[in-house]
Amino acid sequence: MRFINITIFACVIILISVSISSFQTIQQTTLDNGQTLYFSHCGSCHMLPKPSSLTKQIWEFRVLPVMASRMGIIYPGFDPLKGLTPEEKEIVATSNIIPKQPVLTQEEWNQLSQYIIRNAPDEVPVDKNRLTRNTPLEQFVRKDISLQDNLPSLITGLKYNNETHSIWIGDNYQKVYNWQWNQGVTYSMTTQSPVVDFTFYQNVTYLTEIGKLFPTELNTGSINLLARDKDSIWLPSLHRPVHTQIEDLNNDGIPEIVVCKFGNKIGSLSVYTQHTSDKVYTEQVLLNIPGAIKCFIQDMDGDGEKDIVAMFAQGDESVYIFQQKEDLQFKAKRVLRFPPHFGTTDMVLIDFNKDGLTDIITAHGDNADHSPILKAFHGIRIHLNRGNGKFDEKYFYPVYGSTKVIADDFDKDGDIDIALTAFFPDYNELLNESFVYLENTSRGDHIQFTSFTHQSDLPVKSLTLEKGDIDQDGDMDILLGLFAQTPGGVPDYLDQQWKSSKTGLILFMNQHDQLHK
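The sequence shown finishes on residue 570 if you use the working numbering, and the numbering steps up by one all the way, no holes.
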């Protein structure tokens with residue numbers, strides 16, 4: 054009898070072991086299939102984030118429902134078209150952003166999502182080393198300027214005009230101001246929608262009016278010509294334009310207009326060409342994807358033709374060079390690509406290492422979308438140009454929620470320094486990093502910076518960042534505009550400080566010459 058019992062017990066153990074082994078095999082097969090599906094389906098649209106870069110909760114409840122909708126699978130209770138007007142819903146339907154039929158089965162989606170969740174952490178560690186890295190800012194003195202009575206301050210556009218030595222300012226109240234040193238506001242005017250960019254060409258000022266500041270699929274933006282203290286529509290019915298360049302690209306005497314139409318779920322980078330016979334503009338779409346946020350005109354390959362360098366910051370976050378091969382014929386080449394959770398926001402073109410090649414500095418830190426947690430990979434990156442359209446990331450400076458970046462030789466020692474803002478900083482531990490000045494202290498090929506921050510009762514909260522010699526003393530000053538609204542996550546006391554402040558324009562006046570007399 055004892056033998057029989059032992060035999061039965063052994064058989065049970067074997068069966069359990071086989072069952073566990075089979076379960077583990079099935080589970081591993083599911084994860085392997087999920088990884089394959091993740092690479093094939095998600096990797097075909099954008100650079101893949103590592104599952105470990107976001108928490109399980111963020112993936113499961115915020116990111117995966119959005120991802121699923123882009124593959125035609127709708128989570129119960131989740132409406133990917135929530136908040137859209139009937140017209141916008143029709144636009145989205147026509148563009149097939151959300152497929153009418155799923156591109157994979159429910160079982161495949163379950164395997165894909167399970168792979169992500171199983172490889173995601175419960176929480177993402179916070180970098181405590183940042184708490185002691187900053188030095189109090191001394192090279193710049195801050196000046197706060199009040200512009201108007203509308204509160205809170207919501208500055209959306211800021212540009213320094215080097216010819217007139219004046220600052221152009223636009224806000225969400227559909228107002229535009231011109232401000233000059235020692236004079237203040239010289240005049241103001243009302244626009245048709247918020248101005249987010251100013252372009253100066255042949256002594257004329259052009260306004261980029263976004264239409265709707267917050268996401269929309271409607272073509273309510275425009276490029277307007279400022280004349281006689283009022284704006285006259287130049288290019289109407291644009292989809293959330295955010296940046297404009299005006300340049301005679303083909304040297305025929307007639308300027309072209311390059312417009313970054315950020316859009317939302319759809320968008321584009323377009324060149325508008327005017328014909329002398331009828332003066333009507335014809336649109337040439339260079340890339341029909343959303344997120345075009347900034348562009349520059351520059352000969353990047355040394356062939357004498359003016360190329361276009363553009364950043365896209367929505368979904369498939371990338372930097373492209375549109376090489377002009379002949380008369381307004383462009384060839385697109387992607388030179389940088391980032392995962393969508395990087396929150397790409399800004400870029401600068403500058404020869405950082407003085408080798409004669411134009412390098413690219415990028416900023417990453419938009420935290421207003423689906424994953425609002427502190428991200429260690431937010432910050433600014435320096436990509437050095439190796440020639441032939443190839444760029445290598447050679448330096449990364451981490452800053453939570455970094456948003457805008459500018460570069461110049463601010464301390465006049467012959468190398469390139471950097472200033473940046475963070476619209477989504479660590480409000481609890483690193484609030485002062487909402488504005489950071491990085492002094493270049495590199496040695497040879499080793500890139501390094503010393504970081505400086507400014508402490509104030511009114512911390513910087515800005516969507517805009519500019520540079521210019523405002524007081525004409527021979528060094529570069531820094532300009533910002535207070536934007537006192539945030540999608541969420543701001544401590545109440547800070548929210549009230551920003552919203553009740555009369556400050557609009559924030560100037561950091563360069564004290565280099567005074568400090569080195």
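Just so you know, even glycine gets a beta-carbon here, dropped at the ideal spot from N, CA and C.
Subject >> Host beta strand (DSSP E) of A242 (start-end) >> reply: Contrary to the premise, residue 242 reads as Met rather than Ala in this sequence. Element bounds for M242: G237 to T243.
**OP:** Would you identify the three-state DSSP class for A472, choosing helix, strand or coil?
**Re:** strand
Original post:
Taking contact to mean at least 3 C-beta pairs separated by less than 8 Å, is the region 182-189 in contact with the region 201-208?
Top reply: no
Original post:
Whose C-alpha, out of R439, G418 and N304, is nearest the C-alpha of K407?
Top reply: R439
Subject >> Buried versus exposed call for A146 [16 or more other C-beta atoms within 10 Å across all chains shown] >> reply: exposed
Original post:
In or out: P174 buried (at least 16 other Cβ within 10 Å) or exposed?
Top reply: exposed
Original post:
How big is the Cα-Cα spacing for V513 and E446?
Top reply: 28 Å
**OP:** Label K424 either buried or exposed according to how many other C-beta atoms from any shown protein chain fall within 10 Å of its C-beta, with 16 as the threshold for buried.
**Re:** Reading the sequence as shown, one finds Ser at residue 424 and not Lys. Its Cβ being crowded by 16 or more others within 10 Å, S424 is buried.
**OP:** Name the two residues that bound the continuous alpha helix (DSSP H) containing I342.
**Re:** Note, I342: premise wrong, no alpha helix (DSSP H); not H, not E.
**OP:** Let me know if G542 comes out buried or exposed under the rule of 16 or more other beta-carbons within 10 Å of its beta-carbon.
**Re:** exposed
Original post:
Contact between the region 239-254 and the region 267-281: three or more CB pairs below 8 Å?
Top reply: yes
Subject >> Other residues of its chain near I111: CB distance less than 7 Å, five sequence neighbours each side excluded >> reply: S424 and I426
Original post:
When the distance is taken between beta carbons, is I170 closer than 9 Å to Y91?
Top reply: no
Original post:
What did DSSP end up calling C313 once you bin it into helix, strand or coil?
Top reply: strand
Original post:
For Q77, which of helix, strand or coil comes out of DSSP?
Top reply: Here Q77 scores only 41 on pLDDT, less than 50, and its place in the model should not be relied on; the value that follows carries that caveat. Three-state DSSP puts Q77 in a helix.
Original post:
Leaving out five residues before and five after V401 in sequence, what residues of the same chain have Cβ atoms less than 6 Å from its Cβ?
Top reply: I414, V458 and A460
Original post:
Ordered along the chain, which non-local residues of its own chain (more than five positions away) have a Cβ less than 7 Å from that of D522?
Top reply: D528, M529 and D530
**OP:** State the DSSP-derived secondary structure class of Y226, mapped to helix, strand or coil.
**Re:** coil
Original post:
How about V312 and L302: do their beta carbons lie closer than 9 Å?
Top reply: no
Subject >> Spatial neighbours of E216 in its chain, beta-carbon cut-off 8 Å, leaving aside the 5 residues before and after >> reply: F253 and N256
Subject >> CB contact flag (N485, H499, <9 Å) >> reply: no
Subject >> Residues near A575 in its chain [Cβ-Cβ closer than 6 Å; skip 5 each side] >> reply: Summary: the structure shown does not reach residue 575, with the chain confined to residues 54 through 570, and so no result is reported for it.
**OP:** Within the same chain, show all residues whose beta-carbon is closer than 6 Å to that of Q327, passing over the 5 residues directly before and after it, in chain order.
**Re:** I307 and Y334
Subject >> Inter-residue spacing [alpha-carbon to alpha-carbon] between D197 and A475 >> reply: 18 Å
Subject >> For I414: DSSP bridge partner residues >> reply: V401 and I435
**OP:** Find the nearest neighbour of T503 within the set D224, L547 and R183, judged by alpha-carbon distance.
**Re:** R183
Original post:
Measuring CA to CA, which of I220, L266 and Q233 is closest to Q227?
Top reply: L266
**OP:** Go ahead and pull the three-state DSSP assignment for V543.
**Re:** coil
Original post:
In terms of alpha-carbon separation, which member of G87, D360, I403 and S105 lies closest to Q382?
Top reply: D360
Original post:
Is D468 near S495, with beta carbons less than 9 Å apart?
Top reply: yes
Original post:
Do you know whose CA, among Q367, P393, Y546 and E262, lies nearest V249's CA?
Top reply: E262
Original post:
Under a Cβ-count criterion, where at least 16 other Cβ atoms within 10 Å of its own Cβ denotes burial, should S74 be classed as buried or exposed?
Top reply: Below a pLDDT of 50, predicted positions are generally treated as unreliable, and S74, at 42, falls in that range; the measurement from the model is reported next regardless. So S74 counts as exposed.
Original post:
Which residues mark the beginning and the end of the alpha helix (DSSP H) in which M353 is found?
Top reply: Careful: M353 lies outside any alpha helix (DSSP H) and carries neither H nor E.
Original post:
Can you name, in chain order, every residue of its own chain whose Cβ lies under 7 Å from the Cβ of N172, other than the five neighbours on each side?
Top reply: P104 and S105
Original post:
My guess is that P152 and M124 are in contact by the Cβ rule of under 8 Å, so how many angstroms apart are they, rounded?
Top reply: 7 Å
Original post:
With burial defined as no fewer than 16 other Cβ atoms inside 10 Å of the residue's Cβ, what is the status of K318: buried or exposed?
Top reply: buried
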